[in-house]
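What follows is a single structure, written as structure tokens, with notes after it.
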Amino acid sequence: KNDNDEYNGYHKFNLSSIADLMLIMKYCNVRETRKKCWEAKYSEIPGNYGIFKDMLSLRVQISEIIGFKNWSEYALVDSTIKNTENLQKLMVAFDEGLDKYSLSDINVVKDILNEPDLRPWDISYGINKYYNTELDIDSNKVREYYPQELTQERIFDLFSKVLSIKFERVNIPDNNHYV
């Protein structure tokens, strides 16, 4: 940063912001930069390991005290899934349905990046590059046909029907949120 608050061709990002990290992962064409940002973001985890371990231990204790096998059983009881057995069945069904597509998608991204060894920091960039070069999708043009307000409303309607839950708009000054 110089005296005029300019970054001289550099950009400043806040890696504690997932939105900033996603922008880097999607648009940065320098693999090493994406890697460093990814590692910086996810190296925070070891520093919080003790807190995380304590939290898991407390969850086990709480779930046992109130009569559940584990925290997952407790967390799922009021959901549509109800228990871990149903969750496992759902996950297996997703895996079986998605496997045939995911392998071909991974190969497309490998080809577009000319990178045989994909890493987590390559995926968003590779997909974005594929959309822009192979599919010639203009996100701004697509956005014209799907206004945010209407799209959100329709998505919430769909989830309401599928999950048998109700979303209500909460008016917060300068913003609208669904809960």
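For what it's worth, our numbering labels the leading residue of the sequence shown as 19, then goes sequentially. Think of the CB as a built atom: it goes at the ideal place given N, C-alpha and C, for glycine as much as any other residue.
- Taking a contact to require three or more Cβ pairs closer than 8 Å, the region 113-128 and the region 95-104 do not qualify as touching.
- Here residue 84 has 92 as same chain residues with Cβ atoms under 8 Å from its own Cβ, once five neighbours each way along the sequence are excluded.
- Per the Cβ contact rule, the region 39-54 is in contact with the region 142-152 (3 or more Cβ pairs under 8 Å).
- Rounded to the nearest whole angstrom, the CA to CA distance from residue 136 to residue 142 is 11 Å.
- Annotation for residue 126: the continuous alpha helix (DSSP H) segment containing it runs 102-131.
- By alpha-carbon distance to residue 171, the top candidate from 162, 78 and 184 is 184.
- The C-alpha of residue 173 is placed about 10 Å away from the C-alpha of residue 179.
- In this structure, residue 140 lies away from residue 77, with their beta-carbon atoms at least 8 Å apart.
- The alpha carbon of residue 34 has as its nearest neighbour, out of 182, 60 and 51, the alpha carbon of 60.
- Residue 190 carries a strand assignment under DSSP once its states are collapsed to helix, strand and coil.
- Residue burial annotation: residue 161 is exposed, with fewer than 16 other C-beta atoms found within 10 angstroms of its C-beta.
- Judged by DSSP secondary structure, residue 33 falls outside any alpha helix (DSSP H); it is assigned neither H nor E.
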